[in-house]
Amino acid sequence: MGSFLLKRSGVMFLTALCLTFIVFFLTNLDPNLEKLTKSEGNQRMTDQQVEDWLVKNGYRQNLFKRYGEWLGVAPGWTRTDADTGKVTGRCLKGGIAPEEASSFCGLLQGNWGHSLVFKEPIGGIIIKKLGLTGWLMFWVMVAMVPMALLIGVVAGMREGTKTDRTLSTFSIITTSTPEYVSGVILIVIFASRLGGLRWFKGTSASAMDSITFENFFLPVVALALYGMGYIARMTRASMAEVMTEQYIRTARLKGLTFRAVVLKHALRNALIAPFTVIMLQIPWLLTGVVIIETLFNYKGFGWTLVAAVGNNDIELMMAASVVAVLVVLVTQLISDIGYVFLNPRIRVS
Amino acid sequence: MERLGGFEIFGQVMWNFAPVWIGLIVILWASIHFRSRLGLYGKLFDSPIGIAGLILVLFWVLTAIFADQIATFDALDQISGMKNKKPGWPVKDQEGLFYILGGDNLARDVFSRMVYGSREVLIIAPAATLFAFMVGITLGLPAGFYGGRMDTILSFVANLVLAFPVILLFFLLVTPEIRADGPEFELWGGQKWIASVPNLMALCLFLFPIIFFVVLWVSRYSTQPRKLAIYLAVTMVIGLWAYLGLVFNADPFGVFYMDPNLLNIFVSVVFVNSPTVYRIVRGVTIDIKTRDYVAAAQTRGERPWYIMLWEVLPNARGPLIVDFCLRIGYTTILLGTLGFFGLGVSPESPNWGQTINEGRKLLSLYPHLALPPALALMSLVLGLNLLADGLREESLKD
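Keeping their order, the protein sequence lines are chains X and V. Residue numbers are given in numbering that gives the first Met the number 0: position 217 of the first sequence equals residue 216, and the series is strictly consecutive. Residue numbers are given in numbering that gives the first Met the number 0: position 60 of the second sequence equals residue 59, and the series is strictly consecutive.
Have a look at this one:
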């Protein structure tokens, strides 16, 4: 187990490095830097002025060196102005004197940079926005997981019956309805003039202060529906497989009721596979979160990502990407480890 | 003129789809009549889910084919006085013409835009999926068959792409900036080619279909030089011709051409889909290579690539066909997501995702703008998923 963990963590670390480097490369393409310069300076800068600004602010160093600086494993650049003798540098922003500043100031030192859009340090923004999205995810999970497991187990315990067919078709329908479609349909039915039922609000902007049933129901349902179908189908497949096992037949022949067989013997084994699927569903929900937060104007993590991309806020984009990549990798690791723990038949050497 | 009522709108929509109904009846009648000779496709008619899926998919395929006959207006026609009009509104000064499903924010016909939107999706999604399969198969087969270091490296790269949050990748990869960035090269005839990230990706990814077919023919017909020469020549001529047109935009006859926006979307979608296909192909190959017929072929002295392409691949077709259907559906959703965020598509394009995005801003006042494309997208994806389910059920019965 120890060496398995070590190996998985090693691969994960390498993956995280590669991915953040790719993001770094793609966010720091020349046109993006040019746009950044013009928004920092002014829109009428000549090409030469842009170039000077970029050189002066350390953007024209080797890409790997800059990635190292951003990460905090390479010392930040410093530069002494030839005319005035003033020292500037990556770690000297915000009026810190050169003598007191540390030579490393990147992600690992907790320096996430400064957002152009929000005019605030990024660390604070990310934590605040993640908190908002955390609530959304929490309620989505609360709605999605029990429903999906219930549908899957009920459909899978008697394969081929009418109940099974109905529930399976329902899960296929939900997997075919991406969030931007279900969101639109839900808003039209429950929050517009056409539907007539004005039970819920079509926007969740007010949920950022206080979550109520009225302003949070639609986004949660739209997100939960799309993710639910897949988990339900996996649970059904797993349940149907378990129900054909020898020990289930033994339990039935022993004279146990169907109910007892399902609850005591089948369920525990049938829920191993869905656990992995649920964990892997979390990064998949990320796309949905971005769509739903945009659609319902809920200014959480996904909305922030869209805002950062739309405004060419390079440092915020990088920070958001790091968080997104970490979420993906950590959930993958948990699902791997959890699978081994839950399933005694798998032995990891 | 009076505005159309609910039933009249329904009747008009049905009437306009007449070519589709006729096509559906002809195809279904022919398929059921000859089902015993049609293999897996014929067996699909045993499963109600499969039939439902097939009808939905055929409906949209036929709509895309007959879009010019079905649509009442052009996708870009703006008629003054029709802005945000409700469904069934008569067109001013034109007797007998209606905006069946109303007008959008720019006074265009919602119904016609929905119909033309099907064309955009049904051309890009299957083509992108096909390319993703070419890439996935060409890399997955040797990775699963040989294993070893190549497998480790390829699988690491595949996992790398899979660990990338899809939406983030699209935000970074499908932008006007990225298309313009890179060293410029002068091609023949004054053509210019920019070595931007999407163009470089196209350069690599579009090579795979050519490699696939060349290896396919060489591994099979290496003992029949004449046949091999003909097949190779045809593959190379068509392949390189299309390659020049699509990648370098330098097709001398102007047949193969892809708009830079479209190329950007296409390449990104292929890139996102191929690692999953790779993993499926690799997994199936590892399973199949232990079978007796593979051992028999090895004993006969067949070369590895012959075994992979002519023994393993045909026997892996079941899961691959099912995944192909599912993946077209997933690609449709991805394209919708791209449109929803306005990434890479031209602003007036009638694709469904973008129309939904335009409509959502006015959703509580004018729900008829976003609802038709949303339902269209959903029904197409549903059809593909049902079809995949039906195919899986029937192929498992063998």
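Ideal Cβ positions, reconstructed from N, Cα and C, are used throughout, including at glycine. Bear in mind that the values here come from a model prediction, so they are computed numbers and not experimental data.
Proximal residues of chain X, C-beta to C-beta of residue i below 7 angstroms
{"i": "D388 of chain V", "result": "I171"}
{"i": "R359 of chain V", "result": "V183 and L294"}
{"i": "I332 of chain V", "result": "P177"}
{"i": "D180 of chain V", "result": "L28, D29 and P30"}
{"i": "V404 of chain V", "result": "The question about residue 404 of chain V has no answer, for chain V in this structure spans 0 to 397."}
{"i": "A369 of chain V", "result": "V183"}
Rounded C-alpha distance that separates residue i from residue j
{"i": "K288 of chain V", "j": "G389 of chain V", "result": "27 angstroms"}
{"i": "S348 of chain X", "j": "K6 of chain X", "result": "Caution applies to S348 of chain X, whose pLDDT of 47 falls short of 50 and renders its modelled position unreliable; the value that the coordinates give is listed next. Going by the C-alpha atoms only, they are around 11 angstroms apart."}
{"i": "M81 of chain V", "j": "Q11 of chain V", "result": "18 angstroms"}
{"i": "L285 of chain X", "j": "L245 of chain V", "result": "33 angstroms"}
{"i": "R391 of chain V", "j": "A239 of chain X", "result": "16 angstroms"}
{"i": "R278 of chain V", "j": "G139 of chain V", "result": "7 angstroms"}
{"i": "V329 of chain X", "j": "T256 of chain X", "result": "41 angstroms"}
{"i": "A127 of chain V", "j": "T330 of chain V", "result": "8 angstroms"}
{"i": "A206 of chain X", "j": "R197 of chain X", "result": "17 angstroms"}
{"i": "F58 of chain V", "j": "P318 of chain V", "result": "25 angstroms"}
{"i": "F323 of chain V", "j": "M133 of chain V", "result": "11 angstroms"}
{"i": "W192 of chain V", "j": "E185 of chain V", "result": "6 angstroms"}
{"i": "L167 of chain V", "j": "L25 of chain X", "result": "11 angstroms"}
{"i": "I172 of chain X", "j": "Y225 of chain X", "result": "9 angstroms"}
{"i": "T62 of chain V", "j": "W138 of chain X", "result": "40 angstroms"}
{"i": "A179 of chain X", "j": "R248 of chain X", "result": "According to the sequence provided, residue 179 of chain X is Tyr. The question's Ala does not apply to it. C-alpha separation (whole angstroms): 45 angstroms."}
{"i": "A201 of chain V", "j": "G181 of chain V", "result": "14 angstroms"}
{"i": "K84 of chain V", "j": "Q93 of chain V", "result": "16 angstroms"}
{"i": "L215 of chain V", "j": "T234 of chain V", "result": "11 angstroms"}
{"i": "V254 of chain V", "j": "Y365 of chain V", "result": "41 angstroms"}
{"i": "L126 of chain X", "j": "A73 of chain X", "result": "According to the sequence as given, residue 126 of chain X is Ile; it is not Leu. If you take the alpha carbons of I126 of chain X and A73 of chain X, they lie about 26 angstroms apart."}
{"i": "S114 of chain X", "j": "N27 of chain X", "result": "15 angstroms"}
{"i": "R359 of chain V", "j": "S378 of chain V", "result": "19 angstroms"}
Segment limits, alpha helix (DSSP H) that includes residue i
{"i": "F274 of chain X", "result": "I271 to L294"}
{"i": "K360 of chain V", "result": "From DSSP, K360 of chain V is part of no alpha helix (DSSP H); its letter is neither H nor E."}
{"i": "W138 of chain X", "result": "I121 to M156"}
{"i": "W302 of chain X", "result": "F300 to G309"}
{"i": "K350 of chain X", "result": "Any property of residue 350 of chain X remains undetermined from this structure, which presents chain X solely from 0 to 348."}
{"i": "I285 of chain V", "result": "P259 to I287"}
{"i": "W69 of chain X", "result": "L62 to L70"}
{"i": "W192 of chain V", "result": "Per DSSP, W192 of chain V belongs to no alpha helix (DSSP H); it is in the beta strand (DSSP E), K191 to I193."}
{"i": "T330 of chain V", "result": "R316 to F339"}
{"i": "F130 of chain V", "result": "V109 to Y145"}
{"i": "K6 of chain X", "result": "G1 to T26"}
N- and C-terminal bounds of the beta strand (DSSP E) containing residue i
{"i": "G88 of chain X", "result": "V86 to G88"}
{"i": "E185 of chain V", "result": "E183 to E185"}
{"i": "K355 of chain X", "result": "Lying before the first or after the last residue shown, residue 355 of chain X is absent from chain X, which here runs from 0 to 348."}
{"i": "W216 of chain V", "result": "Element bounds for W216 of chain V: not the beta strand (DSSP E) but the alpha helix (DSSP H), L206 to Y220."}
Residue i - DSSP class collapsed to helix/strand/coil
{"i": "W88 of chain V", "result": "strand"}
{"i": "R302 of chain V", "result": "coil"}
{"i": "M78 of chain X", "result": "Note on residue identity: the sequence assigns Arg, not Met, to residue 78 of chain X. Here R78 of chain X sits in strand by DSSP."}
{"i": "W240 of chain V", "result": "helix"}
{"i": "S348 of chain X", "result": "Low confidence applies here, because S348 of chain X scores a pLDDT of 47, under 50, leaving its location unreliable; read the following figure in that light. Here S348 of chain X sits in coil by DSSP."}
{"i": "K55 of chain X", "result": "helix"}
{"i": "H113 of chain X", "result": "strand"}
{"i": "Y230 of chain V", "result": "helix"}
{"i": "D45 of chain V", "result": "helix"}
{"i": "Y297 of chain X", "result": "coil"}
{"i": "Y98 of chain V", "result": "strand"}
{"i": "K161 of chain X", "result": "helix"}
{"i": "M81 of chain V", "result": "coil"}
{"i": "Y256 of chain V", "result": "coil"}
Contacts that residue i makes with chain X (C-beta to C-beta distance below 8 angstroms)
{"i": "G328 of chain V", "result": "S175"}
{"i": "G335 of chain V", "result": "P177, Y179 and V180"}
Any non-hydrogen atom of the ligand GDP within 7 angstroms of residue i CB
{"i": "S320 of chain X", "result": "With respect to small molecules bound, the structure shown includes none, and the ligand GDP cannot be examined in it."}
Amino acids of chain V, ordered along the chain, whose beta-carbon sits closer than 7 angstroms to that of residue i
{"i": "L328 of chain X", "result": "A162"}
{"i": "V308 of chain X", "result": "F170"}
{"i": "P282 of chain X", "result": "P164"}
Contact set between residue i and chain V, taken where Cβ atoms lie within less than 8 angstroms
{"i": "I125 of chain X", "result": "Correct list: empty, because the minimum Cβ distance to chain V is about 15 angstroms."}
{"i": "A323 of chain X", "result": "P164 and L167"}
Listed by chain order, chain V residues near residue i by CB distance under 9 angstroms
{"i": "I290 of chain X", "result": "I166, T336, F339 and F340"}
{"i": "T14 of chain X", "result": "F155, N158, L159 and A162"}
Proximal chain X residues relative to residue i, where beta-carbon distance stays under 9 angstroms
{"i": "E176 of chain V", "result": "L28, D29, P30, N31, E33, K34 and N311"}
> At which residue ranges does the region 175-209 of chain X contain complete alpha helix (DSSP H) runs of 4 or more residues, listed in the order of the chain?
Replying inline: 178-190
> Of all the beta strand (DSSP E) runs that stay within the bounds of the region 232-265 of chain X, which reach a length of 3 or more residues?
Replying inline: none
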